[in-house]
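Asks:
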Amino acid sequence: MNEVKSSILYSFFKNIDECKVIPYGSGLIHQTFYLHQPEGNYILQKVNHHVFKNPIDLANNIEVVSNHLKQNHYPKSVLNIRKCLNGNLMLQTTKNEYWRVFDFIEDTQYFSKPESKKQIYQTGKSFGEFLAFLKNLPIKKINPSIPNFHNTRLRFQNFEKAIQNDKSNRVKTSSQEIEQIKKWHFILKDFEKLDTPIRVVHADPKISNLLFDHNKKVKAVIDWDTIMPGFLLHDFGDLVRTGACEEDEESTNFGKIKISPSYYGILKKGFLESTKLWLTKVEEDNLLLGAKIIIYEQAIRFLTDYLEGDQYYKTSYTNQNINRTKNQIELLNSIL
Ligand code: GN1
Ligand code: MG
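Quick note on the working numbering: the sequence shown kicks off at 490 and runs consecutively.
1. Using 6 Å as the cut-off, classify the Cβ of residue 655 as near or not near the heavy atoms of ligand 2, replying yes or no.
2. Which stretch, first to last residue, makes up the alpha helix (DSSP H) that contains residue 726?
3. Measure the alpha-carbon distance for residue 613 versus residue 734 and round it to whole angstroms.
4. Is residue 655 closer than 7 Å to residue 694 when the C-beta atoms are compared?
5. In this structure, what does DSSP give as the bridge partners for residue 566?
6. Listed by chain order, which residues have C-beta atoms less than 5 Å from any heavy atom of ligand 2?
7. Would you check if there are 3 or more beta carbon pairs closer than 8 Å linking the region 557-567 to the region 641-650?
8. Cα separation between residue 580 and residue 599?
9. What ranges does the beta strand (DSSP E) occupy inside the region 740-786, keeping only unbroken runs of at least 3 residues that lie completely in it?
10. Please report how far the alpha carbon of residue 726 lies from the alpha carbon of residue 773, in whole angstroms.
11. When you compare only the Cα positions, how much space is there between residue 770 and residue 618?
12. Could you check what DSSP says for residue 817 in three-state terms: helix, strand or coil?
13. Can you list, in chain order, the residues of its chain whose CB lies under 6 Å from that of residue 606, leaving out five sequence neighbours each side?
14. From what residue to what residue does the beta strand (DSSP E) around residue 576 run?
15. By the 10 Å Cβ neighbour count, where 16 or more other Cβ atoms means buried, how is residue 698 classified, buried or exposed?
16. Measure the beta-carbon distance from residue 657 to residue 798 and round it to whole angstroms, keeping in mind my assumption that it falls under 8 Å.
17. Consult DSSP for residue 662 and reduce its assignment to one of helix, strand or coil.
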């Protein structure tokens with residue numbers, strides 16, 4: 490509760506006498522809390538406006554997506570913003586902090602890695618279904634929340650700049666990982682040769698962005714901040730990154746980190762169930778390349794942040810970003 494001032498809570502609730510606030514979730518960007526009030530439970534979030542430069546755009550995107558899904562009878566729960574008492578979608582404080590509140594989706598839990606084949610299937614199927622429902626949402630209605638988010642070429646250029654600057658004096662001890670990333674540059678070129686349509690995508694479909702009910706069925710797809718115009722192959726690839734391996738992305742159990750071919754098959758089967766009918770041939774033929782490019786990009790992003798002194802992703806120990814890089818390198822190695 491100390492982290493969350495009562496003035497923030499008073500912007501959303503008339504009475505906060507019995508309000509309880511507890512840190513929640515595993516996100517690497519925003520600060521997230523579980524908020525209990527006598528009349529209901531909520532998610533309270535402080536939006537990272539260094540990453541999302543126009544937080545108000547996010548709120549508008551969420552409203553647009555939520556309304557679109559409801560109108561089209563999407564069968565799962567959607568995100569519901571609980572507005573400020575003054576009617577705004579978000580609170581902007583005098584310190585330029587952005588806070589928002591969502592209704593809590595009850596009877597759910599999230600996972601950072603799959604626990605069963607059934608769950609892997611559900612993971613593929615739910616994200617495929619989500620994309621299928623977003624297919625008819627006109628692209629121009631969505632604000633690109635982070636420009637160039639999955640522009641891997643630009644990510645690579647930033648990585649090269651980080652090496653040149655060597656701001657945190659970490660280049661020397663990361664030389665192995667740096668060389669590996671450079672050697673895999675061909676993946677970027679292979680991906681850029683593809684001609685695939687721009688669609689409305691989730692852009693962060695990791696397994697922890699699914700809420701499962703007590704029967705391990707998916708109740709909701711969450712974390713809609715990155716919903717933007719993009720490529721479906723990136724979404725499928727990101728799914729593989731966390732949905733087709735036995736270790737999660739924080740694991741340092743490097744010998745065990747790999748994409749399992751059988752998990753991959755199950756995930757793909759689930760995903761194609763809602764997407765196969767409308768995917769282009771190029772998309773369908775290049776699903777595995779989607780996994781390669783997104784794991785490659787994620788390795789670049791973690792390593793760049795490590796070289797820049799851990800400014801982007803939340804960390805709880807010094808070498809976390811280089812360990813995350815090694816984890817992604819193992820994953821990619823197992824596919825290649
Ligand atoms: C970040 O905040 P979170 O955990 O939802 C990141 C994703 C990465 C992910 C890695 C806006 O997502 O792109 O894939 O960490 N989001 C942003 O876990 O950079
Ligand atoms: Mg996210």
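Think of the CB as a built atom: it goes at the ideal place given N, C-alpha and C, for glycine as much as any other residue. What you are looking at is a predicted structure, and each value in this text was computed from that prediction instead of being measured.
Replies: Looking at the coordinates:
1. no
2. 721-732
3. 13 Å
4. no
5. 709
6. 693 and 712
7. no
8. 27 Å
9. none
10. 12 Å
11. 19 Å
12. helix
13. 755
14. Taken as a continuous stretch (DSSP letters only), residue 576 belongs to no beta strand (DSSP E), as it is neither H nor E.
15. buried
16. 4 Å
17. helix
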